[in-house]
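Peer 1: Pasting a structure below so you can have a look.
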Amino acid sequence: MSTTAFIFLLFFGLVAIWFGWRVFMTSSMVRSALSLLAAMAAIGAMFLVMEAEFLGVLQIMMMATEMSIMAIFMMMFMMDPGGMGGMDMSHQKIPSVSGGVLVGALAIGVAVFTGWGHMALEVPLPADQNHDLGIELMKRSMMIFESAGVTILVAMIAAVSTALPYKK
Amino acid sequence: MSQTVYWIVTILLFIAGVYLLAVMERWAIYGRFEFTYPVKSWLALFGQESVTPRKMDKVFYETAPLLFITAALLAAMVLPFGKGSPAIDLATGALFINAALAYIMVAVLMAGWAPNGVYALVGGWRFLGQLIAYSMPIVMAITATVMRAESMALPTIVDSQQGLWNIVYQPVGFLLFYLSSMAMAFLPPFDLPVAPGTLAGGVWAEFTSVRLLVFRIGRLTLIMTLSLATTVLFLGGWHGPWLPDFVWTFLKTLAVAASCFGVSRFAVRIRYDSLLAWSWKYATPAALFNILWVGILLLL
Amino acid sequence: MNYGARKGSWDFFKRLTARAMASDLSIFPVPGADVLRACGMHFMQKGMSIVATPREANVLLVAAPVTEKLAEKAAIAYAQMPRPRVLVFAGLDELPHLPKPDVKVAIEAENLQEEIKKWLTQYAWSEEAIPFAPEKLKKALEDQQEGQGHMHHDHGGGHDHQPHEEQGSEEKHQEHQHEHGSGGHDMGGGFMSMVAMTKDMPRSMDGLAMEMNPAHFGPFFPGLPGGLSISVMLDGDTVMQAEIEKGLLCRHLSHDFPAVPKEFIEHISKINPLAPVAFRLLAEKAVRNILQTANSHYKNVSDLVLLEKERVLCHLNWLAVFSHTIGNLWMQQKAVSLHRQYQHGQANGKAIVKFAEQISKMPHLKKRLMPVGAIPENLLHHVSGPVARAAGLQKDARMQDKTYQELAFSPVQEQQNNAWGRLLVRLAEIRQSLQLIEKSKKMVDTKEKSPAITDKVSGKGMAQIETSAGMASLMIHLDEGTVKHFHLQTPAVSHAALIPQVAAMQELGDALIGIASLDIAPWEIDL
Chain U
40 MSTTAFIFLL
50 FFGLVAIWFG
60 WRVFMTSSMV
70 RSALSLLAAM
80 AAIGAMFLVM
90 EAEFLGVLQI
100 MMMATEMSIM
110 AIFMMMFMMD
120 PGGMGGMDMS
130 HQKIPSVSGG
140 VLVGALAIGV
150 AVFTGWGHMA
160 LEVPLPADQN
170 HDLGIELMKR
180 SMMIFESAGV
190 TILVAMIAAV
200 STALPYKK
Chain V
20 MSQTVYWIVT
30 ILLFIAGVYL
40 LAVMERWAIY
50 GRFEFTYPVK
60 SWLALFGQES
70 VTPRKMDKVF
80 YETAPLLFIT
90 AALLAAMVLP
100 FGKGSPAIDL
110 ATGALFINAA
120 LAYIMVAVLM
130 AGWAPNGVYA
140 LVGGWRFLGQ
150 LIAYSMPIVM
160 AITATVMRAE
170 SMALPTIVDS
180 QQGLWNIVYQ
190 PVGFLLFYLS
200 SMAMAFLPPF
210 DLPVAPGTLA
220 GGVWAEFTSV
230 RLLVFRIGRL
240 TLIMTLSLAT
250 TVLFLGGWHG
260 PWLPDFVWTF
270 LKTLAVAASC
280 FGVSRFAVRI
290 RYDSLLAWSW
300 KYATPAALFN
310 ILWVGILLLL
Chain R
61 MNYGARKGSW
71 DFFKRLTARA
81 MASDLSIFPV
91 PGADVLRACG
101 MHFMQKGMSI
111 VATPREANVL
121 LVAAPVTEKL
131 AEKAAIAYAQ
141 MPRPRVLVFA
151 GLDELPHLPK
161 PDVKVAIEAE
171 NLQEEIKKWL
181 TQYAWSEEAI
191 PFAPEKLKKA
201 LEDQQEGQGH
211 MHHDHGGGHD
221 HQPHEEQGSE
231 EKHQEHQHEH
241 GSGGHDMGGG
251 FMSMVAMTKD
261 MPRSMDGLAM
271 EMNPAHFGPF
281 FPGLPGGLSI
291 SVMLDGDTVM
301 QAEIEKGLLC
311 RHLSHDFPAV
321 PKEFIEHISK
331 INPLAPVAFR
341 LLAEKAVRNI
351 LQTANSHYKN
361 VSDLVLLEKE
371 RVLCHLNWLA
381 VFSHTIGNLW
391 MQQKAVSLHR
401 QYQHGQANGK
411 AIVKFAEQIS
421 KMPHLKKRLM
431 PVGAIPENLL
441 HHVSGPVARA
451 AGLQKDARMQ
461 DKTYQELAFS
471 PVQEQQNNAW
481 GRLLVRLAEI
491 RQSLQLIEKS
501 KKMVDTKEKS
511 PAITDKVSGK
521 GMAQIETSAG
531 MASLMIHLDE
541 GTVKHFHLQT
551 PAVSHAALIP
561 QVAAMQELGD
571 ALIGIASLDI
581 APWEIDL
């Protein structure tokens, strides 16, 4: 990896962390959701820097819609969506802090102690990546993706049907 | 032609296109052609005092117009004007257009939330609903063109249409892309977020001066970008006899934009729930049919 | 004292900008574009356009009639305009709340554009520029800072930036916090229970607890008749409640009126600036009924022509507003230009009839308007005019008129109690009125004069007339040739009473279309 690419990677990584931090440091639901979007887009940019073009573009695209939809739900269901009422939204502080620390430690552990294999020195061309990804999706990983897709579809149908008004 | 000259010509053509679109927009509203109108109006906005709402979300308020125009320009960057490569030649160009344009919605949402007013807020959330209506048809229409070219790179997609343009090859896809891009640019009849008669400016109601100017030019850029995308994906891009390649792209793009304004002049604003109903009941199945159709044609 | 200019000294770029502004005038009309059109101001010429919000405008054009309360709202709209801005009075000298006008012209003045241009190129930037803050706004801000209760924070012009969260529901939040605090102790872990917190909140139609937003539409809202102001409660963008704001246009017309019948007739004609002829004829008719002197045939026919011409104009004017509400650019522009031509006697009937036909054939329009604006069956007997005739009621004051009977008049009818039916009826009535005018031309050949109103008589007189919006009736009491008192019933009053029914539980756009389809002239409500 070239130095420039490394600097960019570091930069986008820090941006992602900064916005991830901002998610929790605001009382405005929409700000919080869009901060998360910014963090996700920064991660997408990291993918781009690492020359995983498809993954990067996909991440940037999907997150825009997803986070915005999340924002509207947060706004609908929270008591003080604008954060202007000065309401304290934290609760169960001790369990949540300890849970956070635990999961964080676990994630760092996984990152550090996993054998990641050799560093890839040659990255295939983006067009080849797309091709390989397509083959992968249609061959080895087909089962996983199809079952994940069907599960999501079932969840969606279930959610819609529970949202339908109750008829006597 | 050297590369530099080519780029200068392309950029100038794009700017000229945006200017002509401003004239067309004026025509769509007042039914008269005023060729000096855009420069006057933009200059006038530039000289205006900027008024800001008292209790606003400052970050969003400042970011929204910039994000709006940036998203439109980023999408324009990957679209090839002539045989040479586009500004950013991506192997995933077709997907990238969609990725960049998703941020149009984010910008409108921010603009709706920031000023802390009812009209803007309603307009902003309405556009999110609108996105749920247009995003499926538009992405699936793009997918079908990608299928034919067997590549997501836009120059390859243009090349794939050398014999037969996609508008003939997959007319359903074209129609879906055309209407969805009008919805994305919130042109009437899809002008729900700004709705002059019911929201009095809606999302833009609290923006003045340079910020409003950025939004206005941003919207024109967006329409230009979407028309260019229609040209590249469905109208054979630069293909055409006699004239140089970039001239063909330019003319086709203007024709698409003009037809959009023509449709918008005579349409009646759609209710967002009918828009969603049409999208999910008719447009999404039609887009799936289009994918099937192209798939069958490819296998024949 | 210069409220219109931006602070600063002139330089080359500013001169250029001012010139650009002068050739692209964005006008925000007060009390409304429809009233201005009725006064003969259409702004069809190059370099002028009417805009939807004061934020986009650089000219605030105030034309008669403007009441004190309306001037207060106009002042707020003026304060919202970005500078450089021009305040123009057309046919007015001065108004309370608003500063001195930068440009003063007569109504329908030809030099309007020139005068504004001149002002902008000379005074757009000035060292003496000071900000303008109307009293009401200042007070509202002070209240806000002191944090005393909720203030009704209306910014006029329908463009209030009522802060969404914190203002309308400040108290509510505090309550919740309180509840949260104590609830937390009860449950030990401090778990937030949504059920407990939302139990007292109003429910939406789907049963979820939501906070509602108050919003104002009017009195200068582009999609509603000028002067009409409606305050609504929004749940998301569903209108939960809508009511008309009363008293804005109060001109004390029902208290201070001249006693001399001739002047009284003029006085009554001022009631609705959109339909002066109809009200003048109504008053004339009522006076004549006391005198028991019939009009000459010639006068009757020419009255009919005047009334029908005004009906065509009013319907076209309504169409211009309505097309703005439904968001059709072509229809709006065409309606405005035909209105202008017909007002100047330039349009031939054929063009208008063709326009009406084109509208009735427009794609999607029928489907869009059919589900909108239905009036409950049990309230239908209150309505009159096109609204009633669209619902299939044969109500028309013209049926009792002899002159109309001679022309074999029968009212237009539809069986559609919705916005589409009302549109169709008005389009058909435009055609019918044009035909009536044509037919009546053949009816008279001699000009005979009607007997003058001079006798000093006493008695009560009653008259009815079919205005473009519905039936208006007037009862007057004459004593020795002087008007003692009068009682006026106008269609707008009963139609305005339907606003809550038409708008409630509707999507915002539908609610506004429904209200616009009723053709309520607010002037007839606040006399």
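Chains as they are written, first to last, in our numbering: chain U, 40 to 207; chain V, 20 to 319; chain R, 61 to 587.
A virtual CB, placed ideally from N, CA and C, is assigned to each residue, including glycine.
#1: Taking 7 angstroms as the limit between beta carbons, can you name the residues of its chain near Asp260(R), skipping five residues before and five after?
#2: Using a 10 Å radius around the Cβ and a threshold of 16 neighbouring Cβ atoms, would you call Gly92(R) buried or exposed?
#3: Under 7 angstroms Cβ-Cβ, which residues of chain U neighbour Trp144(V)?
#4: Flag Cys310(R) as yes when its Cβ comes closer than 7 angstroms to any non-hydrogen atom of the ligand COA, and as no otherwise.
#5: Verify the CB distance criterion: does Tyr38(V) have a CB-CB separation below 8 angstroms to chain R?
#6: I want to verify the contact list: residues of chain V whose CB lies under 9 angstroms from the CB of Pro279(R), in sequence order.
#7: State yes or no: is the beta carbon of Leu398(R) nearer than 8 angstroms to at least one beta carbon in chain V?
#8: Any contact of the region 71-90 of chain V with the region 63-73 of chain R, i.e. 3+ C-beta pairs under 8 angstroms?
#9: With which residues is Phe546(R) paired in a DSSP beta bridge?
#10: What did DSSP end up calling Gly248(R) once you bin it into helix, strand or coil?
#11: Using a cut-off of 7 angstroms between C-beta atoms, extract the partners of Glu113(R) located in chain V.
#12: Leaving out five residues before and five after Leu4(V) in sequence, what residues of the same chain have Cβ atoms less than 8 angstroms from its Cβ?
#13: For the region 111-175 of chain R, list the alpha helix (DSSP H) runs that are entirely contained and at least 4 residues long, ordered along the chain.
#14: Taking Ala523(R) as part of the beta strand (DSSP E), name the residues at either end of that continuous run.
#15: With His276(R) as the anchor, note down where its beta strand (DSSP E) starts and where it stops.
#16: Decide if the region 100-115 of chain U is in contact with the region 73-82 of chain U; the criterion is three or more beta carbon pairs, one per stretch, under 8 angstroms apart.
#17: Can you find a C-beta in chain V that's less than 8 angstroms from the C-beta of Ser362(R)?
#18: Asn309(V) CB to nearest chain U CB: under 8 angstroms?
#19: Work out the CA separation of Glu188(R) and Pro582(R) for me, nearest whole Å.
#20: To the nearest angstrom, how far is the alpha carbon of Asn117(V) from that of Ala126(V)?
#21: Mind checking if Ser264(R) is an interface residue toward chain V, Cβ cutoff 8 angstroms exclusive?
#22: Can you pull the chain U neighbours of Thr303(V), defined as C-beta to C-beta under 8 angstroms?
#23: Can Gln401(R) and Ala395(R) be called in contact, C-beta distance under 8 angstroms?
#24: Just to confirm, are Val148(R) and Val119(R) a CB contact at a threshold of 8 angstroms?
#25: Give the residues of chain U in contact with Phe115(V), contact being defined as C-beta atoms less than 7 angstroms apart.
#26: Going along the chain, which residues of its own chain have a beta-carbon closer than 6 angstroms to the beta-carbon of Asn169(U), five neighbours each way excluded?
#27: Considering only the alpha carbon of each residue, which of Ser470(R), Leu130(R) and Asn477(R) lies closest to His441(R)?
#28: Under 8 angstroms: do the region 433-452 of chain R and the region 551-565 of chain R share three or more Cβ pairs, one atom per stretch?
#29: At which residues does the alpha helix (DSSP H) containing Phe193(V) begin and terminate?
#30: When the cut-off is 8 angstroms and only beta carbons count, does Thr111(V) lie next to chain U?
#31: For Asp210(V), return the contacting residues in chain R, with the cut-off set at a CB-CB distance below 8 angstroms.
#32: According to DSSP, simplified to helix, strand and coil, what is Val213(V)?
#33: Do Pro84(V) and Val97(V) have their beta-carbon atoms positioned less than 8 angstroms apart in this structure?
#34: When you compare each of Thr55(V), Leu40(V) and Thr89(V) to Cys279(V) by their alpha carbons, which one comes out closest?
#35: Expressed to the nearest angstrom, what Euclidean distance is found between the alpha-carbon atoms of Gly218(R) and Ile136(R)?
#36: Roughly how far, in whole angstroms, is the beta-carbon of Trp185(R) from the beta-carbon of Arg79(R), given that I think they are within contact range, below 8 angstroms?
Peer 2: Well, looking at it:
#1: Here residue 260(R) corresponds to residue number 200 of the third sequence, with the count starting at 1. Taken in chain order, the list of residues that qualify is empty.
#2: The count along the third sequence starts at 1 and reaches residue 92(R) at position 32. Buried, since its Cβ has 16 or more Cβ neighbours within 10 Å.
#3: Taking the second sequence and counting its residues from 1, one reaches residue 144(V) at position 125. Those are Ile111, listed as they occur along chain U.
#4: With respect to small molecules bound, the structure shown includes none, and the ligand COA cannot be examined in it.
#5: Taking the second sequence and counting its residues from 1, the one referred to as residue 38(V) is at position 19. Between Tyr38(V) and chain R, the shortest Cβ-Cβ separation is not below 8 angstroms.
#6: As a position in the third sequence, residue 279(R) is number 219, starting the count at 1. The contacting residues do not exist; Pro279(R) stays about 13 angstroms from chain V at best.
#7: Along the third sequence, read from residue 1 onward, the residue named residue 398(R) stands at position 338. Against chain V, the CB of Leu398(R) has no partner CB under 8 angstroms away; the residue lies outside that interface.
#8: No contact exists between the region 71-90 of chain V and the region 63-73 of chain R.
#9: Taking the third sequence and counting its residues from 1, the one referred to as residue 546(R) is at position 486. In the DSSP output, where bridge partners are listed per residue, Phe546(R) has Ile536(R).
#10: What you label residue 248(R) is simply residue 188 of the third sequence in a count that begins at 1. The predicted position of Gly248(R) is uncertain, since its pLDDT is 41 and thus under 50; no value can be drawn from it.
#11: On the third sequence, position 53 is the one that residue 113(R) refers to. The sequence shown places Thr at residue 113(R), rather than the Glu named in the question. One finds Ala219, Gly220 and Ala224 in chain V with Cβ atoms closer than 7 angstroms to the Cβ of Thr113(R), taken in chain order.
#12: Outside the displayed range of chain V (20 to 319) lies residue 4(V), so it cannot be described from this structure.
#13: Those alpha helix (DSSP H) runs which fall completely within the region 111-175 of chain R and span 4+ residues are 128-140.
#14: Counting from one through the third sequence, the residue named residue 523(R) turns up at place 463. It spans Gly519 to Glu526 - the beta strand (DSSP E) in which Ala523(R) sits, taken as one unbroken run.
#15: Stepping through the third sequence from its first residue, residue 276(R) is reached at position 216. Secondary structure note for His276(R): its beta strand (DSSP E) is the uninterrupted segment Asn273 to Phe277.
#16: Contact between the region 100-115 of chain U and the region 73-82 of chain U is present, because at least three Cβ pairs lie under 8 angstroms.
#17: As a first step, residue 362(R) is located in the third sequence; it is residue number 302 there, counting from the start. Not one chain V Cβ lies under 8 angstroms of Ser362(R).
#18: The sequence position of residue 309(V) within the second sequence is 290, counting from 1. Residue contact check for Asn309(V) against chain U: no CB pair falls below 8 angstroms.
#19: Sequence index remark: in the third sequence, residue 582(R) carries index 522 (1-based). Sequence index remark: in the third sequence, residue 188(R) carries index 128 (1-based). Roughly 39 angstroms separates the two Cα atoms.
#20: Sequence index remark: in the second sequence, residue 117(V) carries index 98 (1-based). Sequence index remark: in the second sequence, residue 126(V) carries index 107 (1-based). About 15 angstroms.
#21: The residue labelled residue 264(R) in the question sits at position 204 within the third sequence. By the rule that beta-carbons nearer than 8 angstroms mark a contact, Ser264(R) does not touch chain V.
#22: Here residue 303(V) corresponds to residue number 284 of the second sequence, with the count starting at 1. What Thr303(V) touches in chain U: nothing, since even the nearest Cβ is about 14 angstroms away.
#23: Here residue 401(R) is taken as the residue at index 341 of the third sequence, counted from 1. Here residue 395(R) is taken as the residue at index 335 of the third sequence, counted from 1. No. Outside cutoff.
#24: Numbered from 1 along the third sequence, position 88 holds the residue referred to as residue 148(R). Numbered from 1 along the third sequence, position 59 holds the residue referred to as residue 119(R). Cβ distance < 8 angstroms, so Val148(R) and Val119(R) count as in contact.
#25: Taking the second sequence and counting its residues from 1, one reaches residue 115(V) at position 96. Identification of chain U residues near Phe115(V) by a Cβ-Cβ cut-off of 7 angstroms yields Val96, ordered along the chain.
#26: Translated into positions along the first sequence, residue 169(U) becomes position 130. Apart from the 5 residues on each side of it in sequence, Asn169(U) sits with its Cβ closer than 6 angstroms to the Cβ of Phe93 in its chain, given in chain order.
#27: As a first step, residue 441(R) must be located in the third sequence, where it is residue number 381. Closest by C-alpha distance to His441(R), out of Ser470(R), Leu130(R) and Asn477(R), is Asn477(R).
#28: Three or more pairs of CB atoms, one per stretch, sit closer than 8 angstroms, so the region 433-452 of chain R contacts the region 551-565 of chain R.
#29: On the second sequence, residue 193(V) is found 174 positions in, with the first residue counted as 1. For Phe193(V), the uninterrupted alpha helix (DSSP H) run begins and ends at Pro190 to Met203, by DSSP.
#30: Within the second sequence, numbered from 1, the residue matching residue 111(V) stands at position 92. Yes, its Cβ sits closer than 8 angstroms to a Cβ of chain U.
#31: In the second sequence, counting from the first residue as 1, residue 210(V) sits at position 191. Within chain R, the residues placing a beta-carbon under 8 angstroms from that of Asp210(V) are Gly387, ordered along the chain.
#32: Locating residue 213(V) in the second sequence gives position 194, counting from the first residue. In the structure shown, Val213(V) falls within a coil segment according to DSSP collapsed to helix, strand and coil.
#33: Within the second sequence, numbered from 1, the residue matching residue 97(V) stands at position 78. Within the second sequence, numbered from 1, the residue matching residue 84(V) stands at position 65. No, the pair does not count as a contact, with Cβ atoms beyond the cut-off.
#34: Along the second sequence, read from residue 1 onward, the residue named residue 279(V) stands at position 260. The shortest C-alpha to C-alpha distance from Cys279(V) to any of Thr55(V), Leu40(V) and Thr89(V) is the one to Leu40(V).
#35: In the third sequence, the residue the question calls residue 218(R) occupies position 158. In the third sequence, the residue the question calls residue 136(R) occupies position 76. The pLDDT assigned to Gly218(R) is 38, lower than 50, so where the model puts this residue is not dependable, and the model offers no usable value.
#36: Residue numbering aside, residue 185(R) sits at position 125 when the third sequence is read from its first letter. Residue numbering aside, residue 79(R) sits at position 19 when the third sequence is read from its first letter. So it is not a contact: roughly 12 angstroms between Cβ atoms.
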